[in-house]
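In UniProt numbering, the protein residues as written are 1 to 198. Below: the structure, in structure tokens.
Next up, the structure:
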């Protein structure tokens with residue numbers, strides 16, 4: 001079992017993780033199931049780790065170790081929520097161990113790890129998972145459409161986008177319309193983000 005450091009996660013899914021049949025396959029050592037778990041949780045858990053260690057490489061190393069532990073302990077998990085909870089808890093503990101071991105003078109980060117309420121931590125986790133969903137959804141768009149959506153979210157008007165990309169305003173409008181239709185389907189449960197797609 002190995003991991004490749006990466007920032008883009010593939011979007012093709014072979015198994016439905018809400019179906020408990022996947023646990024049987026995971027227990028049997030089916031790596032395809034494990035890859036689905038990795039695709040679903042890698043980005044938000046890595047962001048969760050970075051919140052504390054403030055270093056991409058360290059965050060990736062910690063998270064990949066935690067995923068490796070999931071694989072090694074796969075027989076102990078019975079539902080997907082147990083795996084999710086384990087990933088966040090073990091990542092949190094590993095971050096704390098790292099900060100203590102390296103004697104990094106980040107008192108705020110250590111205090112945040114040790115004193116944050118369960119409600120605050122869960123709220124942050126949900127925010128990270130929603131951000132990951134949005135990032136992944138935008139990543140499925142054609143490259144030109146990705147640029148337009150990101151530029152729009154950064155405050156650029158249709159005219160400004162057209163000028164920067166050297167295309168017509170009508171092309172911007174039609175491309176964004178198609179992109180928004182795709183995003184509305186993929187992100188129908190993220191109401192606040194959908195409100196931005198106007």
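For every residue, glycine included, the Cβ atom is placed at its ideal position computed from N, Cα and C. In this text the structure is predicted, and so the values were computed from the model without any measurement.
| Extent of the continuous alpha helix (DSSP H) to which residue 100 belongs | Walking along the chain shown from the start, residue 100 turns up at place 100. Residue 100 -> alpha helix (DSSP H) spans 80-102.
| request: Count the C-beta pairs between the segment 172-181 and the segment 139-157 that are closer than 8 angstroms, then say yes if the count reaches three, no if not. | output: With contact defined as three or more Cβ pairs closer than 8 angstroms, the segment 172-181 and the segment 139-157 are in contact.
| said: In whole angstroms, give me the CA-to-CA distance for residue 171 and residue 62. | reply: On the chain shown, position 171 is the one that residue 171 refers to. On the chain shown, position 62 is the one that residue 62 refers to. When rounded, the separation of the alpha-carbon atoms in residue 171 and residue 62 is 44 angstroms.
| message | Rounded to whole angstroms, what is the Cα-Cα separation between residue 165 and residue 139? | response | Here residue 165 is taken as the residue at index 165 of the chain shown, counted from 1. Here residue 139 is taken as the residue at index 139 of the chain shown, counted from 1. If you take the alpha carbons of residue 165 and residue 139, they lie about 19 angstroms apart.
| How would you label residue 179, buried or exposed, when you count the other beta carbons within 10 angstroms and need 16 or more for buried? | Position 179 of the chain shown holds residue 179. Buried, by the Cβ-count rule.
| task | Out of 73, 183, 77, point me to the one whose CA is closest to residue 135's CA. | result | Position 135 of the chain shown holds residue 135. Of the candidates 73, 183, 77, the one whose C-alpha sits nearest the C-alpha of residue 135 is 183.
| How about residue 158 and residue 149: do their beta carbons lie closer than 8 angstroms? | Translated into the one-based positions of the chain shown, residue 158 becomes position 158. Translated into the one-based positions of the chain shown, residue 149 becomes position 149. No, Cβ-Cβ distance for residue 158 and residue 149 is not below 8 angstroms.
| How long is the line joining the alpha carbons of residue 51 and residue 98, rounded to whole angstroms? | As a first step, residue 51 must be located in the chain shown, where it is residue number 51. As a first step, residue 98 must be located in the chain shown, where it is residue number 98. Whole-angstrom Cα-Cα distance: 13 angstroms.
| Proximal residues to residue 141 (C-beta, below 6 angstroms), its chain only, five neighbours per side dropped | Here residue 141 is taken as the residue at index 141 of the chain shown, counted from 1. So the list reads 179, once near-sequence residues are dropped.
| Quick check: the segment 72-90 against the segment 53-61, are there 3 or more CB pairs under 8 angstroms? | no
| request: Can you give me the start and stop residues for the alpha helix (DSSP H) that residue 178 sits inside? | output: Position 178 of the chain shown, counted from the start, is the residue given in the question as residue 178. Note, residue 178: alpha helix (DSSP H), 169-186.
| Extent of the continuous alpha helix (DSSP H) run through residue 47 | For the purposes of this step, residue 47 is taken as the residue at position 47 of the chain shown. 31-53 is the extent of the alpha helix (DSSP H) around residue 47.
| request: Count the other C-beta atoms from every protein chain shown that fall within 10 angstroms of the C-beta of residue 11, then say buried if there are 16 or more, exposed otherwise. | output: Residue 11 sits at position 11 when you count from the first residue of the chain shown. Note that residue 11 has pLDDT 42, beneath the 50 cutoff, so the model's placement of it is unreliable and the number below is only indicative. Residue 11 should be labelled exposed.
| said: Between 30, 90, 80, 82, which has its C-alpha nearest residue 64's C-alpha? | reply: Residue numbering aside, residue 64 sits at position 64 when the chain shown is read from its first letter. It is 90.
| Straight-line Cα distance separating residue 152 from residue 77 | In the chain shown, residue 77 corresponds to position 77, counting from 1. In the chain shown, residue 152 corresponds to position 152, counting from 1. So the alpha carbons of these two residues sit roughly 42 angstroms apart.
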